[in-house]
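Read through the structure below, which is laid out as structure tokens, and then see the notes.
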Amino acid sequence: MRIMLKSKIHRARVTDANIDYEGSITIDKKLMEAADILPYEQVHVLNINNGARFTTYAIEGERGEICVNGAAARLAVKNDTVIILSYRHIEDDKAGDFRPKLVHVDASNAIADSRPTFEGITLLEVE
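The sequence shown begins at 15 in my numbering and counts up one residue at a time.
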């Protein structure tokens, strides 16, 4: 078994941080669906602005919403850019063919592009 990247929401903009909430990250429901992330599923969040990395769980939010909640709200502020990752266990014999979902978003957290990674990319041989 290997732990492989299942999906990635790339360069989402934090719309709010709520330290008084019990915990989690609130993510636009459509982004969660596109990235195949379920409510209460574990996610890793990488903050591009300050380098912070944390693990939490996802909850569904409104259109365009990315809100860091609870203690993690000390690790991100409104307008920070984050990458949200989810992982899954894959049997070794299937891991080589597995491709995660990659969801790119625009400045308002709307889906700009969504596809399996490496789709349509030709890998070049290095001599």
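All C-beta atoms in this analysis are idealised placements derived from N, C-alpha and C, irrespective of residue type, glycine included.
Length of the line joining the Cα atoms of residue i and residue j
i      : j      : result
Ala90  : Asp127 : 24 Å
Lys44  : Arg67  : 23 Å
Gly75  : Lys108 : 33 Å
His118 : Ala48  : 10 Å
Asp30  : Gly78  : 11 Å
Gly69  : Asp106 : According to the sequence displayed, residue 69 carries Thr and not Gly. Approximately 25 Å between the Cα atoms of the pair.
Arg25  : Val96  : 5 Å
Leu99  : Asp34  : 24 Å
Val57  : Asp111 : 22 Å
Ala72  : Asn64  : 21 Å
Met94  : Arg16  : For the record, residue 94 in the displayed sequence is Asp; it is not Met. Computed Cα separation, rounded: 31 Å.
Met18  : Glu55  : 15 Å
Ile80  : Arg102 : 22 Å
Three-state secondary structure assigned by DSSP to residue i
i      : result
Asp127 : strand
Glu139 : Low per-residue confidence applies at Glu139: pLDDT is 36, beneath 50, and the placement is therefore not dependable enough to give any value.
Leu45  : helix
Arg88  : helix
Tyr101 : strand
Residue i - partner residues in DSSP beta bridges
i      : result
Ile73  : Thr40
Val119 : Ile125
Phe68  : Val59
Ile80  : Ile41
Bounding residues of the alpha helix (DSSP H) (the contiguous stretch that carries residue i)
i      : result
Asp106 : Asp106 to Ala109
Segment limits, beta strand (DSSP E) that includes residue i
i     : result
Leu26 : The amino acid at residue 26 is misidentified as Leu; the sequence shows Ala. Per DSSP, Ala26 belongs to the beta strand (DSSP E) from Arg16 to Arg27.
Asp30 : Asp30 to Asn32
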